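**Q** Residues in the sequence shown are numbered from 21 upward in steps of one, following this note's numbering. Cβ coordinates follow ideal geometry from the N, Cα and C atoms, glycine included. Bear in mind the structure is a predicted one, so any value in this text is a computation, not a measurement.
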Amino acid sequence: MISMLFGPPGCGKGTQATFLAGHFRVPHVATGDIFRKNLKEGTPLGLAAKGFMEKGQLVPDELTCEMVADRIAALDCAGGVLFDGFPRSLAQAHWLIGASKGKAAQVVSIEVPTEVLIARIAGRRVCSKCSATYHETYDPPPALCRACGTASIVQRPDDQEVVVRARLETYTRDTSPVLGVLRSAFPVYVVDGVGAVEQVGQRILQALGA
Ligand code: AP5
Numbered sequence: 021m022i023s024m025l026f027g028p029p030g031c032g033k034g035t036q037a038t039f040l041a042g043h044f045r046v047p048h049v050a051t052g053d054i055f056r057k058n059l060k061e062g063t064p065l066g067l068a069a070k071g072f073m074e075k076g077q078l079v080p081d082e083l084t085c086e087m088v089a090d091r092i093a094a095l096d097c098a099g100g101v102l103f104d105g106f107p108r109s110l111a112q113a114h115w116l117i118g119a120s121k122g123k124a125a126q127v128v129s130i131e132v133p134t135e136v137l138i139a140r141i142a143g144r145r146v147c148s149k150c151s152a153t154y155h156e157t158y159d160p161p162p163a164l165c166r167a168c169g170t171a172s173i174v175q176r177p178d179d180q181e182v183v184v185r186a187r188l189e190t191y192t193r194d195t196s197p198v199l200g201v202l203r204s205a206f207p208v209y210v211v212d213g214v215g216a217v218e219q220v221g222q223r224i225l226q227a228l229g230a
């Protein structure tokens, strides 16, 4: 089963994906995390993505789809995968529809009002080593990351206000129309993303009948 978590920046895709990937025992494939890892390692892919990420724009489709194709060709994805933040352009959606022919797939669209998104992103802190996510108010970051035990919890560079604004504009312009294309190919479950993390997780499981 190919599952996709769809929604604007800060709606909780990464938070819910961590829980759902464990529940369904499939790899969590977050395109943003893969780009950040490549950026940190200074790979050609990371360097190519850097300027787009810093401006809150989408990384070009060709680079993104090639990276996803490589990732899902790995053995651990043979039994299914949970995408977080992919697809997010019309070209990526058409590519995935082609690549998933003959396989079961489903989409969860997480809805959250803009003012809540902004509050969530402003308070977000992440572990720069393992990508675990915390929030200054809702899940205060410990001195050492609970997932990997290192003192590497920081604010993401693209969580600064000016970049967040650009990311939200990119979402509205380039990504929100993708849902219509996905709906023509896969079942789409719309879930209210406001509420406690566990509550949203239960809503998703219920929507999926899991
Ligand atoms: P990416 O890393 O994917 O960022 P994003 O989609 O903008 O999503 P976020 O990570 O900001 O939010 P999220 O929905 O995962 O929320 P989270 O769970 O962290 O992409 C970054 C960049 O990479 C893009 O701008 C682009 O340049 C590039 N990129 C990535 N994918 C691409 C693609 N496919 N094509 C082209 N370019 C691509 O939650 C946010 C905060 O809220 C956290 O602090 C969390 O603790 C808190 N929180 C979560 N849920 C709740 C809750 N229920 N109640 C209270 N707090 C909550």
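Does any heavy atom of the ligand ATP sit closer than 7 Å to the C-beta of Thr134?
**A** Ligands present in the displayed structure are limited to the ligand AP5, and the ligand ATP is not among them.
**Q** Do the region 117-128 and the region 200-214 make contact, defined as three or more Cβ pairs closer than 8 Å?
**A** Counting Cβ pairs under 8 Å, three or more are found: they touch.
**Q** Identify which residue in Cys168, Arg185 and Pro107 has its Cα closest to the Cα of Glu82.
**A** Nearest option by C-alpha distance: Pro107.
**Q** Using 10 angstroms around the beta-carbon of Ala216, count the other beta-carbons present and answer buried if the total reaches 16, otherwise exposed.
**A** Result: exposed.
**Q** Which ranges does the alpha helix (DSSP H) cover as unbroken runs of at least 4 residues, wholly within the region 125-175, from first to last along the chain?
**A** As far as the region 125-175 is concerned, its whole alpha helix (DSSP H) runs of at least 4 residues are 134-143.
**Q** Check the DSSP bridge columns for Ile22 and list the partner residues they point to.
**A** Answer by DSSP bridge pairing, in chain order: Val101 and Ala125.
**Q** Which of the three DSSP states, helix, strand or coil, is assigned to Val46?
**A** The answer is coil: DSSP assigns Val46 none of H, G, I, E or B.
**Q** Kindly examine the ligand AP5 and report whether one of its heavy atoms sits closer than 7 Å to the Cβ of Tyr209.
**A** For the ligand AP5, not one heavy atom lies less than 7 Å from the Cβ of Tyr209.
**Q** Could you pull out every residue in the same chain whose Cβ sits closer than 6 Å to the Cβ of Ser151, ignoring the five residues on either side in sequence?
**A** Cβ neighbours of Ser151 beyond the five flanking positions: Asp53.
**Q** If you drop the 5 nearest sequence neighbours on each side, which residues of the same chain put their C-beta closer than 8 Å to that of Ala37?
**A** Excluding residues within five positions, the ones whose Cβ falls inside 8 Å are Leu25, His48, Ala50, Leu102 and Asp104.
**Q** With respect to 7 Å, is the separation between the Cβ of Arg126 and the closest non-hydrogen atom of the ligand AP5 below this value?
**A** Contrary to the premise, residue 126 reads as Gln rather than Arg in this sequence. It does not: the Cβ of Gln126 is nowhere closer than 7 Å to a heavy atom of the ligand AP5.
**Q** List the whole-angstrom C-beta distance separating Arg145 from Glu156, where the pair is believed to meet the contact cut-off of C-beta under 8 Å.
**A** The Cβ separation is near 7 Å, so the contact holds.
**Q** Buried or exposed: Pro162, going by 16 or more other Cβ atoms within 10 Å of its Cβ?
**A** It is exposed - the Cβ of Pro162 has fewer than 16 other Cβ atoms within 10 Å.
**Q** Let me check one thing: in DSSP terms, what residues is Tyr209 bridge-paired to?
**A** Val128.
**Q** So for Val79, helix, strand or coil by DSSP?
**A** Of the three classes helix, strand and coil, the one that applies to Val79 here is coil, per DSSP.
**Q** Which whole-angstrom value describes the C-beta separation of Ile239 and Gly30, a residue pair presumed to lie in contact below a C-beta threshold of 8 Å?
**A** Residue 239 is absent from the model: the chain starts at 21 and stops at 230.
**Q** Taking only three categories from DSSP, how would you classify Gln36?
**A** Looking at Gln36 - three-state DSSP - the assignment turns out to be helix.
**Q** Under the criterion of a Cβ to heavy atom distance below 7 Å, does Pro47 qualify as lining the ligand AP5?
**A** Answer for Pro47: no, Cβ out of range of the ligand AP5.
**Q** Ala68 lies in the alpha helix (DSSP H); which residues open and close that run?
**A** Looking at the DSSP string, the run of the alpha helix (DSSP H) that includes Ala68 is Pro64 to Glu74.
**Q** For the ligand AP5, any of its heavy atoms closer than 7 Å to the Cβ of Phe39?
**A** For the ligand AP5, not one heavy atom lies less than 7 Å from the Cβ of Phe39.
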